[in-house]
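Per the working numbering, residue 187 is the first one in the sequence shown, and the count goes up by one each step. All residues carry an ideal CB built from backbone N, CA and C; glycine is no exception. Before any comments, here is the structure.
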Amino acid sequence: MAKAPAARGPAPRVLLIDPYLSREDPMERKFVELYPSLGLLQLGAYVRDRGIDVEMVDLTFARDTSPARRALRSFRPDVVGVHTKTLTFPRCVELAREAREAGVFSVAGGPDAATRWTTYLDVGFDAVVLGEGEGTLVELATKVANGRDPAGTAGVVVRRQGLLVRGAHRPYLKELDQLPLPAWDLVDMERYLSEWHQRTGERRAAVLTSRGCPFDCSWCSKPTFGRTFRQQSPERVVRELVALRDRYHVDYVRFCDDVFGISRTWIEQLLDRMAEAHLDLKFECLARVELLKPDLLHRLRAAGLARVYVGVESGSQKMLDLMNRGTRLAAVERTAAALRAEGIRQFWFLMLGYPGETLEDIEATLQLFRKFSPEEYSVSIAVPIEGTRFHEQVKNRLLGQRTPRASDGGGMLLFEAAYPESLYRWQQARFGLEAALGKARGNLAPGVVERVERVADRFHRRVATPLLIGKKRSGGAAP
Ligand code: B12
Ligand code: SF4
């Protein structure tokens with residue numbers, strides 16, 4: 187646990203906890219890249235700027251929750267604040283119990299608690315903070331430290347005499363430039379950076395330049411920032427990048443925005459400011475294909491862009507429209523080709539099972555994948571998250587109490603879809619084979635990959651699909 191500067195006077199004391207234990211995340215070894223929680227680093231910096239004494243326990247590299255238990259006893263906070271994700275729910279339950287035993291007021295915040303706050307109150311948290319946490323945590327901690335009841339505070343939900351008391355919605359921060367730099371000193375940055383260095387030869391850190399997303403994909407859950415979109419100025423972003431380089435020798439940055447570079451003018455200005463600061467960083471981001479025009483990609487590549495995550499989702503225009511993606515397939519193809527031409531790695535997100543999808547649509551996705559062989563990808567079965575239009579659409583067809591597990595890699599069917607789960611798992615395996623063949627293409631004799639693909643396609647059409655969807659082996663049941 188890293189220490190914050192000493193407190194002045196009887197300031198409220200807040201202990202922040204990131205309950206993510208990387209060794210318990212089966213995805214970690216495969217996909218997940220380790221960065222400290224930006225949400226907690228920003229919260230920590232903000233509340234500290236307002237006179238709150240703050241410490242943080244980051245369990246990412248811990249074996250269990252004992253560092254949190256020790257900090258509860260040694261730091262004696264007024265409030266313990268836990269960041270929540272669905273994956274870390276069992277740890278959060280444990281921490282709520284620890285806080286109760288230590289007689290400390292506990293509050294849950296972050297994406298999972300903001301989606302199902304009653305669950306968090308049920309398992310023992312004293313309060314849940316909804317949405318953006320900065321202003322709310324300052325007010326809540328001050329009230330609790332002064333022995334006042336935080337019930338009714340904007341952005342806070344508590345339970346009183348069995349009834350939920352939900353404060354008003356707290357307006358979003360208007361000026362993101364006014365946020366202090368993340369409180370990196372609250373975590374063991376060197377541990378993260380040296381792990382990255384061992385793995386990649388680079389010292390990598392995460393940066394956020396905006397909050398929210400103005401698009402409206404029907405399956406996307408936005409419990410924290412809603413449909414707002416706010417951006418920092420390019421100057422503010424560069425100040426953060428310079429600090430990371432100067433203080434921590436960071437030479438690779440992951441921009442964690444939901445969608446990076448929504449405004450072309452903004453991104454051009456950022457690139458200008460980065461060049462003026464001689465940053466010499468490599469970076470990666472998540473972006474929408476239609477924003478990545480070939481000429482912009484060329485500039486981004488020259489500025490250090492090494493990898494882009496793109497939500498391709500489906501190779502069928504009909505499906506993209508049903509998902510309200512606002513994306514044309516032609517833009518996907520144009521961008522995939524331009525990324526390849528520029529030598530920028532591409533990571534595709536693909537989704538199977540969305541309502542309305544037929545075997546022909548899945549086949550279109552596979553053919554698109556085959557055509558471009560992205561360097562990396564993930565293909566998941568659509569997850570209906572509460573509060574989304576997709577969830578609304580399938581809420582009467584949910585499959586009992588199934589909840590997705592991280593270990594599952596998006597491979598669990600949570601609603602009655604067009605086909606059985608086994609069919610989707612089989613399709614996932616097909617993408618796996620396709621990816622392996624794509625990688626092997628350069629090392630095999632010409633035509634070998636195509637022959638294997640033909641055999642696999644035939645097996646898929648004639649054997650696997652009829653079997654999995656329960657039809658007779660009539661041939662031609664699947665495209
Ligand atoms: C960038 C990102 C990542 C990055 C880096 C994450 C990081 N270390 O910061 C990487 C790729 C590493 C990553 C990994 C994972 N991620 Co991620 N990630 C995101 C993304 C796109 C942005 C997160 C972010 O930085 N937000 C900006 C900060 C400022 O917001 P915030 O964290 O929500 O915090 C604010 C509020 O929530 C609140 N708050 C948060 N915590 C607390 C605590 C208290 C006490 C209080 C009062 C308030 C509060 O105040 C904060 C400031 O306003 C989100 C999607 C999104 N838009 O939120 C998904 C998201 C958070 N990730 C998600 C998931 C599932 C994961 C993984 C579990 C994936 C996996 N293993 O399968 C891992 C977990 C890794 C980990 N260390 O926890 C899900 C979580 C869904 C859920 N209900 O659990 C999200 C919401 C995406 C989604 N829609 O599916 N992720
Ligand atoms: S999926 Fe991405 S682009 Fe679509 S609404 Fe969500 S954050 Fe925005």
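Any heavy atom of the ligand B12 inside 6 Å of the beta-carbon of residue i?
i	result
P297	yes
V293	yes
G497	no
A392	yes
D211	yes
V315	yes
K271	yes
Y438	no
S407	yes
Y306	no
Q417	no
E361	no
S564	no
Y378	no
Y221	yes
R228	Per the sequence shown, the amino acid found at residue 228 is Gln instead of Arg. Because some heavy atom of the ligand B12 lies under 6 Å away, the Cβ of Q228 counts as near it: yes.
Y605	no
Y358	no
Y206	yes
E318	yes
Can you tell me whether residue i is buried or exposed, with buried defined as 16 or more other CB within 10 angstroms of its CB?
i	result
S593	Confidence at S593 is low in this model, with a pLDDT of 43, below 50, so the placement of that residue should be treated as unreliable; the coordinate-derived value is given next. When all chains shown are included, S593 counts as exposed.
T651	buried
Q543	Correcting the residue identity first, residue 543 is Glu in this sequence and not Gln. The residue is buried, with at least 16 neighbouring Cβ atoms inside 10 Å.
S660	Residue placement at S660 cannot be trusted, given a pLDDT of 41 that sits under 50; what the coordinates show is reported in the next sentence. Result: exposed.
H646	buried
Q228	buried
P368	buried
E549	buried
G749	In the structure as shown, the chain begins at 187 and stops at 665. Residue 749 is therefore absent and cannot be evaluated.
K329	buried
T304	exposed
Q532	buried
E546	exposed
H464	exposed
L619	exposed
T451	exposed
Y206	buried
Q553	exposed
L349	exposed
H296	Note that residue 296 is Gly in the sequence shown, not His. Buried, because 16 or more other Cβ atoms sit within 10 Å of the Cβ of G296.
R256	exposed
E318	buried
T386	exposed
Within the present structure, is the beta-carbon of residue i separated from the nearest heavy atom of the ligand SF4 by less than 6 Å?
i	result
D444	yes
F411	no
C471	no
F401	yes
C278	no
Which residues does DSSP list as the beta-bridge partners of residue i?
i	result
Y670	In the structure as shown, the chain begins at 187 and stops at 665. Residue 670 is therefore absent and cannot be evaluated.
E562	F533
L584	F601
G167	The chain is shown from 187 up to 665; residue 167 falls before or after that span and cannot be answered.
F291	V265
I567	L538
V309	Answer by DSSP bridge pairing: none, since V309 is not bridged.
V314	A294 and V343
Assuming residue i is part of the beta strand (DSSP E), what are its boundary residues?
i	result
W534	R531 to L538
R390	R390 to V393
If I follow the unbroken alpha helix (DSSP H) through residue i, where does it start and stop?
i	result
A522	L515 to E528
V653	The displayed chain sequence assigns Leu, not Val, to residue 653. Note, L653: alpha helix (DSSP H), T651 to L654.
L362	Element bounds for L362: n/a, residue is neither H nor E.
V641	V634 to F645
P297	P297 to T301
W612	E607 to A626
Legend entry - Length at least 3, wholly inside the region 431 to 510: the beta strand (DSSP E) runs in chain order: 438 to 441, 468 to 473 and 491 to 499
Legend entry - In chain order, each alpha helix (DSSP H) run of at least 4 residues that lies wholly inside the region 195 to 270: 224 to 235 and 252 to 261
Inset, instruction - Please go through the region 316 to 359 and give each complete beta strand (DSSP E) segment of 3 or more residues, from N-terminal end onward. - result: 342 to 346 and 349 to 352
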